[in-house]
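Colleague:
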Amino acid sequence: MELRKVRFEVLRFRPEQDQAPVFQTYEVECMEDWVVLDALNAIKDDVDPTLSHRWSCRMGVCGSCGMLVNGRPVLTCAAFVRNYSGVIRVEPLSNFPIVRDLVVDLDGFVDKLKSVKPWIIRRIEKDLSEGEYRQSPAQLEEFKQFSMCINCALCYAACPVLANEPDFVGPAAIALGHRYNLDSRDEGNAERFAAFDSHDGVYACSYANECSQVCPKHVDPAMAIQQAKLTDFLQWAKILPKRSFT
Amino acid sequence: MSAHPAAEKTRTSPARAPSGFPFGFSRYRNYVLFAATSVFMALGCIGLLEGLYALSKGPEAWNAWLAHMAQPFDLALSLLVLGFTLYFVVRFGWVGRKIGAGRIGPLPRPPLPLPVLGLAPLGGFVTLWLILLAILGGLL
Amino acid sequence: MKLIHKLEPLWWILFGAGGFTACFFLPALLLGGLVLAPQGLLGDGLAYERAHALAASPIGKTFLAAVITLVLWHCAHHMRHLLLDLGGHALAPLAAFGSYGLAVLGTVATLAIVAAL
Chain A
1 MELRKVRFEV LRFRPEQDQA PVFQTYEVEC MEDWVVLDAL NAIKDDVDPT
51 LSHRWSCRMG VCGSCGMLVN GRPVLTCAAF VRNYSGVIRV EPLSNFPIVR
101 DLVVDLDGFV DKLKSVKPWI IRRIEKDLSE GEYRQSPAQL EEFKQFSMCI
151 NCALCYAACP VLANEPDFVG PAAIALGHRY NLDSRDEGNA ERFAAFDSHD
201 GVYACSYANE CSQVCPKHVD PAMAIQQAKL TDFLQWAKIL PKRSFT
Chain B
1001 MSAHPAAEKT RTSPARAPSG FPFGFSRYRN YVLFAATSVF MALGCIGLLE
1051 GLYALSKGPE AWNAWLAHMA QPFDLALSLL VLGFTLYFVV RFGWVGRKIG
1101 AGRIGPLPRP PLPLPVLGLA PLGGFVTLWL ILLAILGGLL
Chain C
2001 MKLIHKLEPL WWILFGAGGF TACFFLPALL LGGLVLAPQG LLGDGLAYER
2051 AHALAASPIG KTFLAAVITL VLWHCAHHMR HLLLDLGGHA LAPLAAFGSY
2101 GLAVLGTVAT LAIVAAL
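As C-alpha cells, then:
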C-alpha cells in the first residue's frame, strides 16, 4: 500500500500557554485508506503527544470526532485523506468555545438537548401488567428518521444562525423534540412547547439548510424544524390543541 | 453545568464563526443571496405601488409612469428584481417542500414522494403565472 | 422587544404566507406590470381603461391589497433575519423594529393607494 506525505495544519489552543488559538503544522505519512482521524492519532502517538482530540468508535456511530476539515464540519473518522489535496486544515467545531486544541465545550449543546425533554411523556403511565405500548411500522416510520441523530453537533457547527445567536436551541435539539412529538406513544407535546415557541426556539431558524447538508446520519433536521414551525404556529394560534396526536 | 461538580473549568477560547460565513463558501453565499431576495422583492412591491398610485391619478399619470419604467435603468432594475424573485421562488419552494414531507400534528403524511412534491409546486406556480399574464395581457 | 418575541409565530406565518403569495403571483405581476407593459409588449392589456377597470374592481382591489401587503410582511421578516445574520445580536432591536415598522408603513401605504383607485 502506498504511503503519501500529507501536511496537516491543526489548530492548537493550550489555555496555560496560548493567549489565542494558533495553527501548528505536522507532516504525516498517510496510508491510502486512512481517514483524518487516523492521521490525528498518528500525530498524537508518534509526533506530538500533547495534541488533544475526541474520538471513540472510529466508524461513524458515536458522534465524538466531529471537527472542521478544510472549513467544513465532518466526522473525521469518515473523512478520507485521499479525498483532499494539498494541505489539510483541521480545526475544532465552529460555534462552540474551545476547551483545548480540537476539543470544544459541549455543555451548552447538551443543555439544549435536555431542554426539549427528549423522553416519552405520558399523562398516566401504563401499569406493567397492561402490557407494552404497541406501535405499528407506519407509526414508527413517522419519526424514525429523526431518531437517528448521534449528537455529533456538526449541524450546530454549520448553522449560520448560531454564529450570531448562540442561544438558538439548534437543529439537533429541535429534531429530537420533534421526534418525540411525532411518536405515537408520547403525550408530552405541550411540555416541549416552551422550548420550541420562544424566539430562540424554532423561529430563529432562517432556512439555511446547512444542518441537513452536513448531517452524517441523514436526519434532515431542517425538515424537522420546518414541520415543527408549522405545528407550533397551529398550536400557538389555538388551531390545534397542545397535546399528543394519537 | 458540568459532568462533575468538583471539576475545574479551564479558560476557554471564544466560539469561532463557521468557516466561510457569509461570503466565503458557495452554500453560505446562496443563503445570503436568498435573504437578499427580500430586499429586491420589497423594491418590486414599491414599483407596483408606484404604478398603482399613477393609475389612480388618471391616464396621463399612468402613461407617464409606463414611459418612465421603459427607461433603460428602470428596465434593468425591474429585470434584476424579477431575477431575484425567480431565485426566491425556486429556493423557497425547495425548502417549503420539507414542510410537506412528514406528519404535521394530526394531518397525515402526504402520499407523494418528495421529488414530486418539489416539482409540483413549481409546475403549479408557472401555470398560475401564465394565467395571470394572460389576464394582464387581455387574453383572458 | 418582548412583545416582538411573544409574537414570533405570527411573524413566521406572515413570512410563510407572504412567501407562498409571492411564489404564486409576484413574478407574473412584476413581469407584466414592470417589464412587458412599459415596453408595449402586452398589447392593449394594460392600457389605462382596462388597467384601471381591473385594478379598481372589488376583486382587483382585494387581490392587490392582499398580495402586496403579504409580500411586504414576508420581506420584512426576511430582512430582519438578514440583518441578524450579517450584523449579529447587537442589531436585534433595530432589525425587528426597523423591518416590521417599515412593513406597517408599507401596509398603510398599500391600503391608501388601493383605496384611491
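Residue numbers (my numbering), protein chains in the order written: chain A, 1 to 246; chain B, 1001 to 1140; chain C, 2001 to 2117. Where a beta carbon is used, it is the ideal one built from N, C-alpha and C, also for glycine.
What residue does the alpha helix (DSSP H) around Leu-2026 of chain C start on, and which one ends it?
Modeller: 2008-2029
Colleague: Taking the C-alpha atoms as reference points, what is the distance between Cys-30 of chain A and Ala-20 of chain A?
Modeller: 29 Å
Colleague: Taking all protein chains shown into account, do 16 or more other C-beta atoms lie within 10 angstroms of the C-beta of Asn-209 of chain A, making it buried, or fewer, making it exposed?
Modeller: By the C-beta density criterion, Asn-209 of chain A is buried, having at least 16 other C-beta atoms within 10 angstroms.
Colleague: Val-2104 of chain C to Leu-2003 of chain C, Cα distance in whole Å?
Modeller: 16 Å
Colleague: Could you work out which residue in A:Arg-4, A:Leu-3, A:Leu-51, A:Asp-33 is closest to Val-10 of chain A when comparing CA atoms only?
Modeller: Comparing Cα positions, the closest option is A:Leu-51.
Colleague: Based on Cα-Cα distance, which residue from A:Gln-17, A:Ser-136, A:Val-28 lies nearest to Leu-3 of chain A?
Modeller: Per the Cα distances, A:Val-28.
Colleague: Quick test of your reading: Asp-167 of chain A and Asp-197 of chain A, contact by CB under 8 Å. State the CB separation rounded to the nearest angstrom.
Modeller: Actually they are not in contact, since the Cβ atoms of Asp-167 of chain A and Asp-197 of chain A sit about 14 Å apart, beyond 8 Å.
Colleague: If we call anything under 8 Å between Cβ atoms a contact, is Ile-120 of chain A one with Asp-48 of chain A?
Modeller: In this structure, Asp-48 of chain A does not lie closer than 8 Å to Ile-120 of chain A by Cβ.
Colleague: Report the start-end ranges of each alpha helix (DSSP H) in the region 2027-2099 of chain C that is 4 residues or longer and not cut off at the edges.
Modeller: Whole alpha helix (DSSP H) segments, 4+ residues: 2048-2056, 2058-2087.
Colleague: Using a Cβ-Cβ cut-off of 8 Å (strictly less than) and excluding sequence neighbours within five positions of Ile-43 of chain A, which residues of its own chain qualify?
Modeller: Phe-8, Val-10, Tyr-26, Val-28, Leu-51
Colleague: Please decide whether Trp-2012 of chain C counts as near chain A, where near means a Cβ-Cβ distance under 8 Å.
Modeller: yes
Colleague: Can you check which of these residues, A:Lys-229, A:Phe-233, A:Trp-236, A:Leu-240, is closest to Lys-1098 of chain B by C-alpha distance?
Modeller: A:Lys-229
Colleague: Using a Cβ-Cβ cut-off of less than 7 Å, list which residues of the region 2065-2096 of chain C approach chain A; keep chain order.
Modeller: His-2081, Leu-2084, Asp-2085, Gly-2088, His-2089
Colleague: What three-state label does DSSP hand Phe-96 of chain A in the structure shown?
Modeller: coil
Colleague: In chain C, what lies closer than 7 Å to Leu-1049 of chain B by C-beta?
Modeller: Simply Ile-2068, Ala-2109, Thr-2110, Ile-2113.
Colleague: Can you have a look at Met-223 of chain A and say buried or exposed, based on whether 16 or more other CB atoms are within 10 angstroms of its CB?
Modeller: buried
Colleague: Output needed for Ala-1061 of chain B: all residues of its chain with C-beta closer than 7 Å, excluding positions within five of it in sequence on either side, in chain order.
Modeller: Closer than 7 Å at the Cβ level, and outside the excluded window around Ala-1061 of chain B, lie Ala-1054.
Colleague: Could you check where the alpha helix (DSSP H) with Phe-1040 of chain B kicks off and where it finishes?
Modeller: 1026-1056
Colleague: Going by C-alpha to C-alpha distance, which of A:Val-22, A:Tyr-207, A:Ala-153 sits closest to Glu-100 of chain A?
Modeller: It should be pointed out that residue 100 of chain A corresponds to Arg in this sequence rather than to Glu. Closest option to Arg-100 of chain A, Cα to Cα, is A:Val-22.
Colleague: Output needed in chain order: residues of the region 2026-2040 of chain C with a Cβ under 7 Å from some Cβ in chain B.
Modeller: Under the 7 Å Cβ criterion, the region 2026-2040 of chain C contributes Leu-2026, Pro-2027, Ala-2028, Leu-2029, Leu-2030, Leu-2031, Gly-2032, Gly-2033, Leu-2034, Val-2035, Ala-2037, Pro-2038, Gln-2039.
Colleague: Is the beta carbon of Pro-1022 of chain B closer than 8 Å to that of Tyr-95 of chain A?
Modeller: Note on identity: in this sequence residue 95 of chain A is Asn, with Tyr being the wrong assignment. It is not a contact, given that the beta carbons lie outside the stated cut-off.
Colleague: Drop a sphere of 10 angstroms on the beta-carbon of Val-2108 of chain C, count the other beta-carbons inside from all chains shown, and report buried for 16 or more, exposed for fewer.
Modeller: exposed
Colleague: Can you give the Cα-Cα distance for Leu-1082 of chain B and Trp-34 of chain A, rounded to whole angstroms?
Modeller: 49 Å
Colleague: Identify the contact partners of Ser-1038 of chain B in chain A, using a Cβ-Cβ distance below 9 Å as the criterion.
Modeller: Those do not exist, as Ser-1038 of chain B stays about 11 Å from chain A at its closest Cβ, beyond 9 Å.
Colleague: Return the chain-ordered list of same chain residues with a C-beta closer than 6 Å to the C-beta of Gln-139 of chain A, the five sequence neighbours on each side being excluded.
Modeller: Ser-184
Colleague: Return helix, strand or coil for Phe-1021 of chain B, following the three-state DSSP convention.
Modeller: coil
Colleague: Alpha carbon to alpha carbon, how far is Ser-1056 of chain B from Ser-1078 of chain B?
Modeller: Their backbone Cα atoms lie some 21 Å apart in a straight line.
Colleague: For chain C, check one thing: does any of its Cβ atoms lie closer than 8 Å to the Cβ of Ala-1076 of chain B?
Modeller: no
Colleague: Is the beta carbon of Val-69 of chain A sitting closer than 8 Å to the one on Val-103 of chain A?
Modeller: no
Colleague: Opposite Ala-1013 of chain B in the DSSP bridges: which residues?
Modeller: With the sequence shown as reference, residue 1013 of chain B is identified as Ser, and Ala is not the correct amino acid for it. Ser-1013 of chain B pairs with A:Ile-98.
Colleague: Could you spell out where the beta strand (DSSP E) holding Asp-88 of chain A opens and where it closes?
Modeller: It should be noted that the sequence gives Ile, not Asp, for residue 88 of chain A. Element bounds for Ile-88 of chain A: 88-91.
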